[in-house]
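As structure tokens, the structure follows; a few thoughts come after it.
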Amino acid sequence: MKKFNIITYGCQINEYESNKFRETLQNLGFEEVDDIKRADLVLLNSCSVREKSEEKLLSRVGFVRSLYEKNGFPKSIVTGCVATTEEKKIKKIGKDSVLTILKGDEPLNERREKIFNILIPVSADTMTYERTKGKPFEFVPVMFGCNSFCTYCIVPITKGREKSQPLDKIINEIEALVKAGTKEITLLGQNINHYGFDYGNKNGLIELLEEIDRMEGIKRIRFLTSHPADFNIETLKRMGELRHICPHFHLPVQSGSNRILKLMKRGYTREYYVSLINEINGLFRDVSITTDIIVGFPTETDEDFIETKKLVEEIRFDKSFIAAFSKRPYTLAAKMDGQVEDKVKKQRLNELLEVQNDISLKKNRVYIGKTVEVLVESFGNGLTFGRIPQDKLVIIEGKAGNLGDLINVEITDADFIHLRALPV
Ligand code: SAM
Ligand code: SF4
Ligand code: F3S
Numbered sequence: 008m009k010k011f012n013i014i015t016y017g018c019q020i021n022e023y024e025s026n027k028f029r030e031t032l033q034n035l036g037f038e039e040v041d042d043i044k045r046a047d048l049v050l051l052n053s054c055s056v057r058e059k060s061e062e063k064l065l066s067r068v069g070f071v072r073s074l075y076e077k078n079g080f081p082k083s084i085v086t087g088c089v090a091t092t093e094e095k096k097i098k099k100i101g102k103d104s105v106l107t108i109l110k111g112d113e114p115l116n117e118r119r120e121k122i123f124n125i126l127i128p129v130s131a132d133t134m135t136y137e138r139t140k141g142k143p144f145e146f147v148p149v150m151f152g153c154n155s156f157c158t159y160c161i162v163p164i165t166k167g168r169e170k171s172q173p174l175d176k177i178i179n180e181i182e183a184l185v186k187a188g189t190k191e192i193t194l195l196g197q198n199i200n201h202y203g204f205d206y207g208n209k210n211g212l213i214e215l216l217e218e219i220d221r222m223e224g225i226k227r228i229r230f231l232t233s234h235p236a237d238f239n240i241e242t243l244k245r246m247g248e249l250r251h252i253c254p255h256f257h258l259p260v261q262s263g264s265n266r267i268l269k270l271m272k273r274g275y276t277r278e279y280y281v282s283l284i285n286e287i288n289g290l291f292r293d294v295s296i297t298t299d300i301i302v303g304f305p306t307e308t309d310e311d312f313i314e315t316k317k318l319v320e321e322i323r324f325d326k327s328f329i330a331a332f333s334k335r336p337y338t339l340a341a342k343m344d345g346q347v348e349d350k351v352k353k354q355r356l357n358e359l360l361e362v363q364n365d366i367s368l369k370k371n372r373v374y375i376g377k378t379v380e381v382l383v384e385s386f387g388n389g390l391t392f393g394r395i396p397q398d399k400l401v402i403i404e405g406k407a408g409n410l411g412d413l414i415n416v417e418i419t420d421a422d423f424i425h426l427r428a429l430p431v
């Protein structure tokens with residue numbers, strides 16, 4: 008039997024797409040292996056959000072080529088965001104080991120059909136779109152692409168313009184998942200507040216959430232990623248009425264300096280962002296707020312950075328994904344004057360991480376002694392792993408419940424990443 012290996016870089020959209028490619032390859036009779044050296048085919052699903060992610064992909068393409076030249080296998084299929092813009096580089100590095108390149112802005116099913124047709128030249132009608140059944144939680148993309156063009160970001164180029172999936176298609180997919188035993192659904196979109204905008208519906212997201220919330224059997228609903236500028240208060244209020252929305256909001260702020268936010272073209276001010284968070288805190292009990300931050304954006308001064316640090320201390324995020332600004336091709340920020348030295352970026356990154364980790368630790372320790380509900384996601388090394396509605400990872404002593412169970416546990420300890428618990 009032919010063997011394949013999949014390597015996924017980047018965001019949950021890529022995770023979702025990789026799962027779909029996995030199904031395609033399994034439908035073709037391929038067997039998955041962990042070791043790239045044993046595979047006949049390696050599918051590389053790439054990310055270009057930072058220079059480093061692109062470098063990682065290209066070096067992996069080179070590694071596959073070296074194996075191919077030595078052993079006659081594996082070959083690679085390269086897809087995702089780097090594939091959209093860097094076809095030439097991939098071909099140059101991978102040479103004959105590259106079976107095909109599928110650009111990341113092509114619709115997923117077209118890419119799956121192409122794989123099918125390359126590997127078995129028969130009609131794609133025979134493809135089955137069944138996914139592996141009954142995972143405790145699943146990601147469901149509701150839209151692809153992005154129209155926001157933040158000045159640092161390559162995603163609108165690699166993924167193209169926003170395209171919402173039809174409501175009935177999403178509902179059918181989620182109904183099938185819930186029927187198969189999935190308890191938690193995370194809706195995905197680069198700017199999920201724009202869901203439905205391309206169909207002329209400004210209330211697309213809340214209408215979709217309301218429909219899912221009514222579904223029999225659904226226990227938890229999440230959605231990613233919200234754009235602060237596009238989150239209207241009316242939507243937020245309607246969300247507050249829903250029974251299954253998790254009290255967790257991922258709201259990338261990117262910077263605490265109004266001057267930098269403007270250069271980033273984020274479309275909101277620091278004051279507006281704070282008022283949005285206050286509104287959320289008023290509507291949801293025990294809510295957790297996470298964010299993305301970029302340090303060292305062109306022209307960022309010490310004062311701008313201090314504004315960001317102060318904002319982190321004021322909001323007290325549960326978690327921040329902090330990145331040093333990386334110049335990306337085709338973006339406006341890459342060409343801006345006043346690029347910040349790498350050394351300074353690194354310093355700011357470490358300083359902010361320290362501030363955030365301390366806050367995360369304190370916020371996590373508040374849970375000690377509390378009984379919380381965990382969705383059981385996996386087991387290993389005599390431990391049970393799961394998440395609370397606030398999206399914090401819990402490690403439970405022993406085997407607690409079964410996969411997909413919602414169980415109560417008592418939090419006994421916490422560090423800045425995890426909560427530790429005992430079953431009650
Ligand atoms: N759509 C989401 C949003 O509105 O923020 C996130 C998408 S982006 C793929 C994920 C995160 O990567 C961003 O929030 C940003 O913090 C970071 N990012 C994007 N471009 C970057 C760059 N050029 N350098 C450093 N970080 C970047
Ligand atoms: Fe990138 Fe901005 Fe779109 Fe997010 S909203 S994907 S940061 S352009
Ligand atoms: Fe990366 Fe593309 Fe996702 S750039 S973060 S894989 S949309």
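Just so we're on the same page, our numbering is the position in the sequence shown counted from 1, plus 7.
We treat Cβ as the ideally placed atom computed from N, Cα and C, and that holds for glycine.
Nothing here was measured: the structure is a model prediction, and the numbers come from that model.
{"Asked": "Ala-421 vs Asn-371 beta-carbon contact at 9 Å", "Found": "yes"}
{"Asked": "Cβ-heavy atom distance, Val-56 to the ligand F3S, below 8 Å", "Found": "yes"}
{"Asked": "Heavy atom of the ligand SAM within 8 Å of Pro-259 beta-carbon", "Found": "yes"}
{"Asked": "Asp-349 classed as buried or exposed, judged by whether at least 16 other C-beta atoms fall within 10 angstroms", "Found": "exposed"}
{"Asked": "Alpha carbon of Val-85 to alpha carbon of Phe-28, nearest angstrom", "Found": "12 Å"}
{"Asked": "Supposed close pair Gly-196, Val-149 - CB separation, criterion 8 Å", "Found": "5 Å"}
{"Asked": "Outcome for Ser-282 when other beta-carbon atoms lying within 10 angstroms are tallied against a minimum of 16", "Found": "exposed"}
{"Asked": "9 Å Cβ cutoff met for Asp-299 and Ala-330", "Found": "yes"}
{"Asked": "Sufficient close CB pairs (3 or more, under 8 Å) joining the stretch 376-388 to the stretch 397-410", "Found": "yes"}
{"Asked": "Three CB pairs or more closer than 8 Å across the stretch 93-105 and the stretch 34-47", "Found": "no"}
{"Asked": "Contact belief for Asp-344 with Ser-295 at Cβ below 8 Å, rounded distance in angstroms", "Found": "38 Å between Cβ atoms; not a contact."}
{"Asked": "Between the CA atoms of Val-147 and Ile-181 - distance to the nearest angstrom", "Found": "8 Å"}
{"Asked": "The alpha helix (DSSP H) enclosing Asp-311, as first and last residue numbers", "Found": "309-322"}
{"Asked": "For Ala-183, the first and last residue of its enclosing alpha helix (DSSP H)", "Found": "174-186"}
{"Asked": "Distance between Ile-192 and Asn-200 (C-alpha atoms, nearest Å)", "Found": "17 Å"}
{"Asked": "Given Phe-123 as reference, the closest of Asn-34, Thr-232, Tyr-75 once Cα atoms are compared", "Found": "Asn-34"}
{"Asked": "Phe-156 beta carbon near the ligand SF4 (any heavy atom closer than 8 Å)", "Found": "yes"}
{"Asked": "Continuous alpha helix (DSSP H) stretch holding Ala-90: start and end", "Found": "88-92"}
{"Asked": "heavy atom of the ligand F3S below 8 Å from Gln-197 C-beta", "Found": "yes"}
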